[in-house]
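Protein chains in written order, with our numbering: chain A, 5 to 262; chain B, 387 to 639.
Inspection log for the structure reproduced underneath, given as structure tokens.
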Amino acid sequence: MFDLVRDIYQYRELIWALALKELKIRYKRSVLGFLWALLNPAFMMLVLTLVFSTIMRFAIPHYAIFLLSVLLPWTFFSQSLSYAVEAIVTNGDLIKKVAVPKVVFPMAALVSNLINLLLSLIPLALLVPLLRHPFYWTWLYLPVPLLALAIFTLGMAFFFAAANVYYRDVAHILQVVLSAWFYLTPIIYPLDFIPAKHQWIFKLNPIIYVINGFRLSVYYGMLPKAPSILASFVCAFASLFVGYLVFRRYQDSFVFYV
Amino acid sequence: MSTAGAIRVEGVTQRFRVIQERPDTLRELFSKFFRHESSYHDFEAVKNVSFEVPHGQMLGLIGRNGSGKSTLLKIIAGVYRPTAGRVEVRGSVAPLIELGAGFHHELTGRENILLNGLLMGYSKREMLAREQRIIEFAEIGDFIDAPVKQYSSGMYMRLAFSVATEVDPSILLIDEILAVGDAPFQQKCFERIQKFKRADKTIVFVSHALNQVEEYCDRVILIDQGTILADGPARDVVEMYRSATGLEVVGAH
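Below, the structure written as structure tokens:
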């Protein structure tokens with residue numbers, strides 16, 4: 005684990021440059037360029053708001069904000085993993101020719117999506133007053149769940165990136181897992197929708213605690229209770245520990261399989 | 387020659403698993419597993435090789451295609467971790483193994499200079515300080531701000547060589563790359579290598595161009611089937627290789 009911190013620190017400029025490269029390429033040759041990073045989530049939010057305030061009405065007030073407060077972090081999570089799972093394989097040519105620590109590739113996938121997440125919080129912050137939803141001071145708490153989510157995602161990213169080097173099925177399995185996971189996590193519905201006696205099953209879901217932090221602070225204007233915060237970090241570090249252990253165990257032989 | 391070795395290779399073996407039909411998918415894996423098939427054999431590209439390169443020496447590695455020269459160079463560069471043995475490298479290494487390996491086609495030349503430098507382990511500040519000199523040496527004019535996918539292969543190689551050598555490494559690993567580029571640029575490359583030699587840098591040079599090896603290297607190691615066949619003064623080893631392979635050399639050059 006100490007190695008990881010050292011590598012990240014030593015190669016921080018490279019990770020940053022790779023992440024920016026990722027974003028640059030994503031928006032290259034578009035007239036609006038980087039602005040799309042803001043426009044994309046803004047348009048998505050607009051559509052969701054219209055749909056849920058006119059066509060599908062739920063008993064939850066300001067459903068759009070209820071949904072977006074956790075949909076945006078979830079999108080970061082699933083997009084980061086979708087990028088990271090291919091991170092080693094797509095950089096195979098490079099790995100075969102340059103001695104570069106492999107951790108930088110999943111890291112860069114994470115950082116580029118983190119930039120997107122942070123940018124997408126701007127249109128969300130504009131949407132809140134627009135819908136006359138109170139703007140809570142608990143927004144200030146967001147860096148805490150962001151940190152837990154980033155650590156949790158990084159661990160999974162390491163695991164999937166390594167596994168995909170050996171079995172390319174992993175990238176496809178991941179997509180199935182992510183879509184099932186999406187519906188099993190209280191994102192489009194609140195946890196209260198689940199009968200109380202079954203709620204414990206949902207509480208085994210390791211991402212639920214960090215997701216809860218986002219919804220509480222943005223939508224409800226509350227802070228999570230200490231055990232929930234603790235649980236989110238325990239899950240985050242467990243993910244990082246396992247993911248990085250697997251990655252480190254196999255990273256020296258990636259070069260033979262990419 | 388100073389006594390401190392810049393590169394020490396000790397009993398290095400590199401085994402590759404040559405897979406005829408790698409089970410790329412789980413289905414293949416399971417079917418192979420249940421039928422107890424093995425679809426690979428092990429191949430030793432480098433077998434128990436030891437040598438030392440003293441600080442400031444220019445070493446040539448020669449041998450036929452597939453003899454293990456490039457594998458050895460990649461082990462020294464740290465791309466492969468050897469199956470057995472140890473490699474010790476003292477100093478910063480610039481591997482010119484495949485020029486432009488880290489280039490990204492959508493990025494401009496200038497952006498690639500930075501990215502390539504960072505990939506080689508240099509800092510952003512160092513790269514920005516050297517940017518102007520890199521651009522001047524490459525002589526590609528205004529193309530520096532165009533995406534490298536628009537470059538000719540010669541321009542690509544000029545920029546890559548210039549990035550890799552402007553960084554002032556103490557050890558330079560060169561793998562058969564000087565064959566590209568026009569004659570004046572090749573001349574410039576060799577002048578730069580001469581400058582490195584004068585500055586007492588350590589250089590390992592893999593090439594099939596025996597004349598160049600003979601002219602520039604202090605010492606040559608001849609490799610065949612992963613083992614060292616001969617190790618000595620450039621002229622002697624090159625001569626030996628020429629006479630051993632006969633006419634083949636003319637074809638290989």
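Even glycine gets a Cβ: it sits at the ideal position worked out from N, Cα and C.
Practice task
Show which residues of chain B have a CB atom less than 8 Å away from the CB atom of A/D256.
Solution key: Residue numbering aside, residue 256 of chain A sits at position 252 when the first sequence is read from its first letter. Under the 8 Å cutoff, chain B gives R467.
Practice task
Quick one: grab the DSSP three-state call for A/Q203.
Solution key: As a working mapping, residue 203 of chain A is identified with position 199 in the first sequence. Helix at A/Q203.
Handout entry: Residue-chain proximity (B/R394, chain A), Cβ-Cβ < 8 Å
Key = Counting from 1 along the second sequence, the entry for residue 394 of chain B is found at position 8. Not one chain A Cβ lies under 8 Å of B/R394.
Exercise for the section: Answer yes if the region 522 to 533 of chain B comes into contact with the region 62 to 69 of chain A, meaning at least three C-beta pairs across the two stretches below 8 Å, and no otherwise. Expected result: no
Exercise for the section: Note down, in chain order, all residues in the region 157 to 182 of chain A with a beta-carbon under 8 Å from any beta-carbon belonging to chain B. Expected result: Y171, R172 and D173
Problem - As assigned by DSSP and simplified to three states, the class of A/R219 - result: Residue 219 of chain A sits at position 215 when you count from the first residue of the first sequence. Reduced to three states, the DSSP call for A/R219 is helix.
Exercise for the section: Indicate whether B/L559 and B/L459 have their beta-carbon atoms separated by less than 8 Å. Expected result: The count along the second sequence starts at 1 and reaches residue 559 of chain B at position 173. The count along the second sequence starts at 1 and reaches residue 459 of chain B at position 73. Yes; because the gap between Cβ atoms is below 8 Å, this pair is in contact.
Problem - Cα-Cα separation, A/V214 to A/F237 - result: Your numbering for residue 214 of chain A matches position 210 in the first sequence. Your numbering for residue 237 of chain A matches position 233 in the first sequence. C-alpha separation (whole angstroms): 8 Å.
Problem - Per-residue contacts from B/S509 into chain A (C-beta, under 8 Å) - result: The count along the second sequence starts at 1 and reaches residue 509 of chain B at position 123. The contacting residues are E17.
Practice task
Determine the burial state of B/R516: buried for a count of at least 16 other Cβ atoms within 10 Å of its Cβ, exposed for fewer.
Solution key: Locating residue 516 of chain B in the second sequence gives position 130, where the first residue counts as 1. B/R516 should be labelled buried.
Handout entry: chain B contacts from the region 98 to 130 of chain A (Cβ-Cβ distance under 7 Å)
Key = L98, K100, K101, V102, A103 and V104
Exercise for the section: Could you give the DSSP three-state label for B/M513: helix, strand or coil? Expected result: Along the second sequence, read from residue 1 onward, the residue named residue 513 of chain B stands at position 127. Note: B/M513 maps to helix in three-state DSSP.
Handout entry: Min CB distance A/F80 to chain B below 8 Å
Key = The residue given as residue 80 of chain A occupies position 76 in the first sequence. Output row for A/F80: interface = no.
Exercise for the section: Mind listing, in chain order, the continuous alpha helix (DSSP H) runs of no fewer than 4 residues lying wholly within the region 445 to 525 of chain B? Expected result: 455 to 463, 495 to 505 and 510 to 524
Handout entry: B/S388 classed as buried or exposed, judged by whether at least 16 other C-beta atoms fall within 10 angstroms
Key = The sequence position of residue 388 of chain B within the second sequence is 2, counting from 1. With a pLDDT of 45 at B/S388, under the threshold of 50, the modelled position of this residue cannot be trusted; read the value that follows with caution. By the neighbour-count rule (16 or more Cβ atoms within 10 Å), B/S388 is not buried but exposed.
Problem - Span separating the alpha-carbon of B/S593 from that of B/Y426 - result: Numbered from 1 along the second sequence, position 207 holds the residue referred to as residue 593 of chain B. Numbered from 1 along the second sequence, position 40 holds the residue referred to as residue 426 of chain B. So the two alpha carbons sit approximately 31 Å from each other.
Practice task
Determine the direct distance from the alpha carbon of A/L39 to that of A/L72, and round the result to whole angstroms.
Solution key: Looking up residue 72 of chain A in the first sequence gives position 68. Looking up residue 39 of chain A in the first sequence gives position 35. One C-alpha to the other measures close to 20 Å.
Exercise for the section: Would you list the one or two residues that DSSP bridges to B/H427? Expected result: Position 41 of the second sequence holds residue 427 of chain B. Partner(s): B/V404.
Practice task
May I ask you to report which of helix, strand or coil DSSP gives B/S593?
Solution key: Sequence index remark: in the second sequence, residue 593 of chain B carries index 207 (1-based). If DSSP states are grouped into helix, strand and coil, B/S593 belongs with coil.
Problem - Interface flag, B/F429 vs chain A, CB-CB below 8 Å - result: Indexing the second sequence from 1 puts residue 429 of chain B at position 43. False, the Cβ-Cβ gap to chain A never drops below 8 Å.
Problem - Best match in A/V132, A/A41 and A/A88 for proximity to A/G225 [C-alpha to C-alpha] - result: As a first step, residue 225 of chain A is located in the first sequence; it is residue number 221 there, counting from the start. Comparing Cα positions, the closest option is A/V132.
Practice task
Examine chain B for any beta-carbon lying closer than 8 Å to the beta-carbon of A/K25, and answer yes or no.
Solution key: For the purposes of this step, residue 25 of chain A is taken as the residue at position 21 of the first sequence. Closer than 8 Å to some Cβ of chain B, the Cβ of A/K25 qualifies, so yes.
Handout entry: Among A/S257, A/A23 and A/G247, the one whose alpha carbon lies nearest that of A/L8
Key = Counting from one through the first sequence, the residue named residue 8 of chain A turns up at place 4. Residue A/G247 is the option with its Cα nearest to A/L8.
Handout entry: Identity of the residues DSSP links to B/E438 by a beta bridge
Key = To locate residue 438 of chain B, count along the second sequence from 1; it is residue 52. Answer is B/R394.
Practice task
Give me the Cα-Cα distance between B/A569 and A/F258, rounded to the nearest whole angstrom.
Solution key: For the purposes of this step, residue 569 of chain B is taken as residue 183 along the second sequence, with counting starting at 1. For the purposes of this step, residue 258 of chain A is taken as residue 254 along the first sequence, with counting starting at 1. The alpha-carbon atoms of B/A569 and A/F258 are separated by roughly 38 Å.
Handout entry: Contacts around B/H639, its chain only, beta-carbon distance under 7 Å, and the 5 residues preceding and following it disregarded
Key = Residue numbering aside, residue 639 of chain B sits at position 253 when the second sequence is read from its first letter. Low per-residue confidence applies at B/H639: pLDDT is 43, beneath 50, and the placement is therefore not dependable, though the value from the model is reported in the following sentence. The residues are H594, A595 and L596.
Practice task
Classify A/D11 as helix, strand or coil using the three-state DSSP reduction.
Solution key: For the purposes of this step, residue 11 of chain A is taken as residue 7 along the first sequence, with counting starting at 1. A/D11: helix per DSSP, three-state reduction.
Exercise for the section: Have a look at the DSSP bridge pairing and note the partners of B/R605. Expected result: Position 219 of the second sequence, counted from the first residue, corresponds to residue 605 of chain B. Bridge partners of B/R605: B/L445 and B/P619.
Exercise for the section: Please check if any C-beta of chain B sits within less than 8 Å of the C-beta of A/I29. Expected result: Stepping through the first sequence from its first residue, residue 29 of chain A is reached at position 25. Interface residue, yes.
Handout entry: Check whether B/A546 and B/G486 have beta carbons under 8 Å apart
Key = For the purposes of this step, residue 546 of chain B is taken as residue 160 along the second sequence, with counting starting at 1. For the purposes of this step, residue 486 of chain B is taken as residue 100 along the second sequence, with counting starting at 1. Result yes, Cβ atoms of B/A546 and B/G486 sit closer than 8 Å.
Handout entry: Sequence ranges, beta strand (DSSP E) only - wholly within the region 137 to 198 of chain A, length at least 3
Key = none
Exercise for the section: Under 8 Å by Cβ, that's how I've got A/T157 and A/F218 pegged, so tell me the actual separation to the nearest angstrom. Expected result: Along the first sequence, read from residue 1 onward, the residue named residue 157 of chain A stands at position 153. Along the first sequence, read from residue 1 onward, the residue named residue 218 of chain A stands at position 214. Going by Cβ atoms, the distance from A/T157 to A/F218 rounds to 13 Å, so no, they are not a contact pair.
Exercise for the section: Kindly indicate the opening and closing residues of the beta strand (DSSP E) around A/I64. Expected result: In the first sequence, counting from the first residue as 1, residue 64 of chain A sits at position 60. No beta strand (DSSP E) holds A/I64; DSSP gives it neither H nor E.
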